[in-house]
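Here is the structure we will look at, set down as structure tokens.
2 protein chains.
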Amino acid sequence: MLWLIGTGLCDAQDLTLRALAAIRGADRVYLEGYTSLLRCPIQDLEKDLGRPLTVLARKDVESDIGPLLEEARTGSVALLVIGDPFGATTHADLYVRARHAGVEVRVVHNASVLTAIGTTGLELYRFGRTVSLPYWEAGFEPTSFLARIAENRKRGLHTLCLLDIKADQGRFMTVREGLEILESAEIRERTGIVTPDLSIVGVARLGWPDQLIIAGTLSGLKATDFGRPPHAIVIPGRLHPIEEEMLSFWTP
Amino acid sequence: MLWLIGTGLCDAQDLTLRALAAIRGADRVYLEGYTSLLRCPIQDLEKDLGRPLTVLARKDVESDIGPLLEEARTGSVALLVIGDPFGATTHADLYVRARHAGVEVRVVHNASVLTAIGTTGLELYRFGRTVSLPYWEAGFEPTSFLARIAENRKRGLHTLCLLDIKADQGRFMTVREGLEILESAEIRERTGIVTPDLSIVGVARLGWPDQLIIAGTLSGLKATDFGRPPHAIVIPGRLHPIEEEMLSFWTP
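So the sequence lines, in the order shown, correspond to chains A and U.
Counting along the first sequence from 1, when you hit position 137 you're at 136 in numbering that gives the first Met the number 0, and nothing is skipped either side.
Counting along the second sequence from 1, when you hit position 212 you're at 211 in numbering that gives the first Met the number 0, and nothing is skipped either side.
In structure tokens form, the structure reads like this:
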């Protein structure tokens, strides 16, 4: 049995009773540590759970998952995933492999940035397709997210921009870095969307006690220090009156 | 203090430790009972929580929220919302009113159908705008969801169709009823999308132990009994190989 267990967004307090029961019943507990970031150090999570955690890197899940699936074929294995298990694209792949290996999979859902972003007051039903902003590297400078943002805007929809995380390098993209990548992409694609006046909602530490939401212009938010990661960006589309009022709470 | 607390999808086992602490510390605990449906009767939830629950109807939240906000101004009030607190549009409105009444609001996030739908294997990043299919009534026969589905399909994106709930009348739209409304709308709008061969994923009791997912054609799924509510429908867009493989698990 393989349990895919969402941890929610902050720390062990976000675990559900269902998740705790599955973790306690598991022969071994893994933590997928490369798609997001919890507030607490792993040692604290181990202490709260009373279980040692084996942290998996991306390659452990994407290429070297065989040993874990072998354990799950004969015993009960829990894989903790920050947020909701299907918030990251790699986990459907894992689900498919497990099924092919004859392993039963159970899922324990939890909060994800994809819905918790509703706390900004922007309606979840008025979001278009979510995009990811990756760190640019030599030979990898994608701009396709800009076309998707443009499509959402054309329909009046908000766009959630997820910011790149390279946990193994300790790199977590900040609001400022994300806005700079939007600007760099704009220079190439000339969509006319990314201007200093573009309305932006910057979010840091969503679902944590010190969560920070600031609404402003792109140039204003580039100059704002959002503190500790993780961060995220929303580019609002057309606003309803209630949405406007909610954003006013986050406007300095 | 007003706590907006997501319950997750099934029963008290889906509550997080953070939610339980807030509920235990609250002077009074309300349950918003009109936007979704838990598996357990309210009496069971009360027993599991060790607290009496006051169930709110839509009008209590949308028009008559004054007394609750007054309680929250001087004490601690918990409002349980099935799924995630911002999964329903009325709660941003409540947040705004609370802030205007000088009430501090805290949010405890949880799983929502909007992300748990990822358990179908359809990637959350390949969903377009979510639509709602309402029950048609005399003088209220909207078809606008069809244009949104068409826009999503044009971009190759999946569409999650949320199905109407009239909890006060004990009416919970089934997959079959939802598909019939799509067909009725198609007769008027003639988009060419809604045909007997249209690929559909029907979902029942998402996140419950007896969750059911079936992929098939519109005509096939219209003839399928999905059992107890709540139900939901996904209209898949273009499929990646992994998505195709995931859907094959749900194809009878």
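We put the beta carbon where it would ideally sit given N, CA and C, even for glycine.
Everything numeric in this text was worked out from a predicted model, so none of it was measured.
Histidine 230 of chain U has a beta carbon lying at 8 Å or more from every beta carbon in chain A. Fully enclosed alpha helix (DSSP H) runs of no fewer than 4 residues occupy 143-153, 174-188 of the stretch 123-191 of chain U, in order along the chain. For leucine 67 of chain U, the closest alpha carbon among the candidates U/Phe139, U/Val102, U/Pro40 is that of U/Val102.
When rounded, the separation of the alpha-carbon atoms in serine 35 of chain A and leucine 44 of chain A is 15 Å. Here histidine 230 of chain A is buried: its Cβ has 16 or more other Cβ atoms, across all protein chains shown, within 10 Å.
Not a single CB atom of chain A sits nearer than 8 Å to the CB of isoleucine 180 of chain U. As summarised for the stretch 6-73 of chain U, the continuous alpha helix (DSSP H) elements at least 4 residues long and confined to that stretch are 16-24, 41-48, 57-61, 65-73, given in chain order. Under a 10 Å Cβ-count criterion, serine 111 of chain U is classified as buried, with 16 or more other Cβ atoms of the shown protein chains found around its own Cβ. Burial state of threonine 73 of chain A is exposed, judged by a 10 Å Cβ sphere holding fewer than 16 other Cβ atoms.
Going by DSSP, isoleucine 241 of chain A is part of the alpha helix (DSSP H) stretching over 240-248. Distance check between arginine 152 of chain U and each of U/Ile186, U/Ile199, U/Glu140, U/Gly120 places U/Ile199 closest, using alpha-carbon atoms only. The C-beta separation of alanine 100 of chain U from alanine 25 of chain U comes to about 17 Å, leaving the pair out of contact by the 8 Å criterion. At least one CB atom of chain U sits nearer than 8 Å to the CB of tyrosine 94 of chain A. If you draw a straight line from the Cα of isoleucine 64 of chain U to the Cα of aspartate 224 of chain U, it is about 39 Å long. When DSSP states are grouped into helix, strand and coil, valine 95 of chain U belongs to the helix group. Leucine 217 of chain A sits away from proline 251 of chain A, with the two beta carbons spaced by 8 Å or more. Linking glutamine 168 of chain A to proline 51 of chain U through their CA atoms gives a straight-line distance of about 49 Å. The distance from the Cβ of leucine 79 of chain A to that of isoleucine 4 of chain A is about 5 Å, consistent with a contact at the 8 Å cut-off. Considering only beta carbons, the part of the stretch 65-88 of chain U lying closer than 7 Å to chain A consists of Asp83, Phe85, Gly86, Thr88, in chain order.
Not flagged as an interface residue toward chain U: isoleucine 4 of chain A, since no C-beta distance is shorter than 8 Å. Using a Cβ distance threshold of 8 Å, isoleucine 164 of chain A and isoleucine 234 of chain A do not count as a contacting pair. Contact between glutamate 182 of chain U and leucine 145 of chain U fails: their C-beta atoms lie close to 10 Å from each other, not under 8 Å. Among the bridge pairs identified by DSSP, histidine 230 of chain A is matched with A/Ala203.
Under the Cβ distance rule, methionine 0 of chain U does not count among the residues neighbouring chain A, no pair being separated by less than 8 Å. Residues of chain A whose Cβ lies closer than 8 Å to the Cβ of methionine 245 of chain U are, in chain order, Ala91, Tyr94, Val95. Leucine 132 of chain A places its beta carbon less than 8 Å from that of isoleucine 180 of chain A.
Taking 8 Å as the cut-off, the beta carbon of valine 107 of chain A is found closer than this to the beta carbon of alanine 21 of chain A.
In this chain, alanine 115 of chain U is not harboured by any beta strand (DSSP E); it is covered by the alpha helix (DSSP H) spanning 112-115.
With respect to chain U, the C-beta atom of alanine 110 of chain A has a partner C-beta closer than 8 Å. DSSP places glycine 101 of chain A outside any beta strand (DSSP E), giving it a letter other than H or E. Residues of chain A whose Cβ lies closer than 9 Å to the Cβ of phenylalanine 248 of chain U are, in chain order, Tyr94, Val95, Arg98. In the three-state scheme derived from DSSP, where H, G and I count as helix and E and B as strand, threonine 216 of chain U is classed as strand. For leucine 156 of chain A, the residues of chain U that pass the 7 Å Cβ criterion are Arg128, in the order they occur in the chain.
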